[in-house]
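Chemist: Protein chains in written order, with this note's numbering: chain F, 8 to 232; chain U, 8 to 232. Idealized CB from N, CA, C, for every residue including glycine. Computed from a predicted model, the values in this text were never measured in an experiment. Have a look at this one before I ask anything.
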DNA sequence: ATTTTTTCTTCAGAATTTCTTCAGCTTACG
DNA sequence: CGTAAGCTGAAGAAATTCTGAAGAAAAAAT
C-alpha cells in the first residue's frame, strides 16, 4: 500500500513511516500544505494521513483539493483537536475517518486498513477483475476460486495494475510505486522483468487469461476491454 | 514527447535528459538564455524546463519570448529560489508549473506529464480526429472502433500530425520531433518514408480515410476540412 | 545466534519487436 | 522527357523484453 503522511511534527512522521514500512508499505511524507498539494498532484496514493494543523494552513484544504480533482485516495485525519465541530467538518468534506492525537500506531494501522478496504473494495473486502479476485484483509489472491500464492512485490504489482486497468504503466512509474522514489535504477529494469515474469507465470498456471500486456519501449498495461 | 531543458548546471541537465530518455522521450538542452531563444525560434517542443538563474540573464525572458511569439509550449520552471514572489511572477508570465531545487526526477516527470496533458489535451484523456480516436492513458488507437497497433514512432507521429492537423509538417520538423536534433540525416529521409508508409498502411488496413497527404518537396500534412 | 526457507536481485543468452538501410520502382514537377 | 522526390518490400541492425538459473538479501524457524 502506498501512503502519504502530511504532518509537520517530524518525530511522529518518522514513527508512522517506520511502523508502516515494516509491513512492506511505501510511505512518503511532507510537512506543509503546499508540498502536500504538489505531491498529490503528481502521484497516486492508496491512503492519505492528514494532520489538520499545518504551518501554512488548515489540512482541510487538502480534502477540498482532492474533491475538486476528483481524486479518490482514502483520507484519514489525524489531529490534536477533538472538537466535534472539526470532526464533522472533516468527515463532511470527504475524510474517511478521524483519529485524535495521541494514538497507538496499531490503532492507526487498523483504521488505515479499514478505511482503505471500505474505499477500494466494495464493502465485501474483495476486489474483482474478471476471474481474478483479491482479498485485501488476507492479502490473498484467487483465480477462478483457486488460491494463488504471490510474494509481496507480485501482490503489490497486481493490485497496482488492477487499480490502473487499461492504462499504460511506464516501467519508471511501476518502479516508483513498488520501491518509492528513492530507487535509482539507471537503465536497469531487470528486476521488473523478473517480477513481471513471475507474476505472469503464477497467473497463467492458475489458468487466468494473459491480461498483462507489454508495451514495447514504454512499460506494461492490464488489458481491459 | 519532446523537451527542451534550459539549465546551466551540466550535471543536472544530463540527469534529466537520461531520465526522460528512458521513457522514449526526446530531450535537448541548452545552457544560456541566448541559445534557448535560438532553439525555441527554430524548433517546436512539447514542454520546456526552464531554470531562472542563467549565466546571461533571468529565465523569465524565455517566458516573455514565448508569449510574444504566441508559441504554446508548456513551461515548467525549475529554480533554486522558492520565494513566493518569483513563483508568482513565473506563473503570471505564463509558466504552467514551478518546481524548486532540489527535487526528485520522478516528481519532475510527473509534473511534466501533468502539465503537458493539461495544456494540449485540456485534461481530457482522449484525442479524437474523425474516425480515429486515441486513448492517451492507454496508448491505444482505434479507427472506427477497431484497434490499431502502432509502434512508438508511429504513435508519436500520429499524435504529432493530429496535434497539427491541417498544417504542413516539413520532413525536417517531423524528424526533429521524432528524433531530436542529434539525428544527423544529411538529406536522407528513408526512415521517414518507411515510418510514414507503415503508419499509412496500418490506418488504411483499418479502413480509415487516407488523411495523410504528401506535400511534394516539403513534407506531409494531415488533411482537415 | 544459527540455520533454513523464502524472496529479491543480478546476470547472460535467447527471443521478439522495432528501427534503419537499401535497391528498385513509381510519381510529380519543370 | 529527364531528374528529383517519394514509395515499397525485404533484409540487416539495433533496441527491448523474456527467460532460467544462480547469487544476495531478507524473513522465518530452530
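#1: DSSP state of residue 5 (chain U), grouped into three classes?
#2: Just tell me which of F:145, F:11 and F:65 has its CA closest to the CA of residue 83 (chain F).
#3: Under a Cβ-count criterion, where at least 16 other Cβ atoms within 10 Å of its own Cβ denotes burial, should residue 156 (chain U) be classed as buried or exposed?
#4: Applying the 10 Å Cβ sphere with the 16-neighbour rule, what's the burial state of residue 28 (chain F)?
#5: Am I right that residue 46 (chain F) and residue 184 (chain F) are in contact with their C-beta atoms under 8 Å? What's the rounded C-beta distance?
#6: Quick test of your reading: residue 6 (chain F) and residue 33 (chain F), contact by CB under 8 Å. State the CB separation rounded to the nearest angstrom.
#7: Taking DSSP's pairing of strands, which residues face residue 36 (chain U) in a bridge?
#8: Whose Cβ in chain U lies nearer than 7 Å to the Cβ of residue 174 (chain F)?
#9: Any contact of the stretch 138-158 of chain F with the stretch 171-185 of chain F, i.e. 3+ C-beta pairs under 8 Å?
#10: Could you work out which residues of chain F lie near residue 117 (chain U), taking near to mean beta carbons separated by less than 9 Å?
#11: What's the C-alpha gap between residue 57 (chain F) and residue 37 (chain F)?
#12: Any beta-carbon of chain U closer than 8 Å to the one on residue 224 (chain F)?
#13: Suppose only complete runs of 4+ residues qualify. What are the alpha helix (DSSP H) ranges in the stretch 111-186 of chain U, listed by chain order?
#14: If contacts are defined as beta-carbon pairs under 8 Å, then residue 135 (chain F) and residue 229 (chain F) qualify, I think. What distance do you get, rounded to the angstrom?
#15: Can you tell which of U:219, U:55, U:75 and U:145 has its C-alpha closest to the C-alpha of residue 171 (chain U)?
#16: Taking 8 Å as the CB-CB limit, is residue 187 (chain U) close to chain F?
#17: Counting only C-beta atoms, is residue 228 (chain F) closer than 8 Å to chain U at any point?
#18: With distances taken between CB atoms, is the gap from residue 74 (chain F) to residue 101 (chain F) smaller than 8 Å?
#19: Going along the chain, which residues of the stretch 11-43 of chain U sit with their C-beta nearer than 9 Å to a C-beta in chain F?
#20: Can you give the Cα-Cα distance for residue 16 (chain U) and residue 62 (chain U), rounded to whole angstroms?
#21: Residue 208 (chain U) to residue 52 (chain U), Cα distance in whole Å?
#22: Whole angstroms are fine: how far does the CA of residue 67 (chain F) sit from the CA of residue 164 (chain U)?
#23: If you measure beta-carbon to beta-carbon, which residues of the stretch 146-161 of chain U are closer than 8 Å to chain F?
#24: Ordered along the chain, which non-local residues of its own chain (more than five positions away) have a Cβ less than 6 Å from that of residue 149 (chain U)?
#25: Please confirm if residue 130 (chain F) has its CB atom under 8 Å from at least one CB of chain U.
#26: Which residues bound the alpha helix (DSSP H) around residue 203 (chain F)?
#27: On the three-state DSSP scale, how would you describe residue 220 (chain U)?
#28: Looking only at its chain, what residues have a beta carbon closer than 7 Å to the beta carbon of residue 21 (chain U), apart from the 5 residues adjacent to it on each side?
#29: Alpha carbon to alpha carbon, how far is residue 42 (chain F) from residue 69 (chain F)? Give it in angstroms, no decimals.
#30: Leaving aside the five residues before and after residue 144 (chain U) along the sequence, list all residues of the same chain whose C-beta is less than 7 Å from its C-beta, in chain order.
#31: Quick one: grab the DSSP three-state call for residue 60 (chain U).
#32: Can you name the residues that DSSP bridges to residue 229 (chain U)?
#33: Can you check whether the C-beta of residue 53 (chain F) is within less than 8 Å of a C-beta belonging to chain U?
#34: Express the C-alpha separation of residue 30 (chain U) and residue 196 (chain F) in angstroms, rounding to a whole number.
Modeler: Taking the definition as stated:
#1: The structure shown has nothing for residue 5 (chain U), since chain U only spans 8 to 232.
#2: Nearest option by C-alpha distance: F:11.
#3: By the neighbour-count criterion, in which 16 or more other beta carbons inside 10 Å mark a residue as buried, residue 156 (chain U) falls on the exposed side.
#4: Exposed: under 16 other Cβ atoms inside 10 Å.
#5: Not confirmed; about 14 Å, so no contact.
#6: Not covered by the structure: residue 6 (chain F). The range shown for chain F is 8 to 232.
#7: Answer by DSSP bridge pairing, in chain order: U:12.
#8: Simply 144 and 145.
#9: Here the stretch 138-158 of chain F makes no contact with the stretch 171-185 of chain F; the two share fewer than three CB pairs at distances below 8 Å.
#10: Those within 9 Å of residue 117 (chain U) in chain F are 48, 49, 50, 180 and 183.
#11: Just so you know, the alpha carbons of residue 57 (chain F) and residue 37 (chain F) end up roughly 10 Å apart.
#12: Yes, residue 224 (chain F) counts as interfacial toward chain U.
#13: Along the stretch 111-186 of chain U, the alpha helix (DSSP H) occurs as fully enclosed runs of 4 or more residues at 112-127, 159-170 and 178-186, listed in sequence order.
#14: Wrong, their Cβ atoms sit about 13 Å apart, outside the cutoff.
#15: Nearest Cα to residue 171 (chain U) within the set U:219, U:55, U:75 and U:145: U:219.
#16: So, not an interface residue.
#17: Closer than 8 Å: yes.
#18: Yes; because the gap between Cβ atoms is below 8 Å, this pair is in contact.
#19: Here the close residues are 25, 26, 29, 30 and 31.
#20: Distance from the CA atom of residue 16 (chain U) to the CA atom of residue 62 (chain U), rounded to whole angstroms, is 10 Å.
#21: Separation of residue 208 (chain U) and residue 52 (chain U) (C-alpha to C-alpha, rounded to the nearest whole angstrom) is 28 Å.
#22: Rounded to the nearest angstrom, the two C-alpha atoms are 44 Å apart.
#23: Here the close residues are 146, 158 and 159.
#24: Within the same chain, residue 149 (chain U) has close Cβ partners 140.
#25: Here residue 130 (chain F) scores only 48 on pLDDT, less than 50, and its place in the model is too uncertain to base an answer on.
#26: Per DSSP, residue 203 (chain F) is one residue of the alpha helix (DSSP H) stretching across 197-212.
#27: Looking at residue 220 (chain U) - three-state DSSP - the assignment turns out to be strand.
#28: Nothing meets the Cβ criterion.
#29: So the alpha carbons of these two residues sit roughly 11 Å apart.
#30: 132.
#31: Residue 60 (chain U) falls in the strand class under three-state DSSP.
#32: Bridge partners of residue 229 (chain U): U:219.
#33: Answer no: the Cβ-Cβ gap between residue 53 (chain F) and chain U never drops below 8 Å.
#34: Distance between the alpha carbons of residue 196 (chain F) and residue 30 (chain U): 12 Å.
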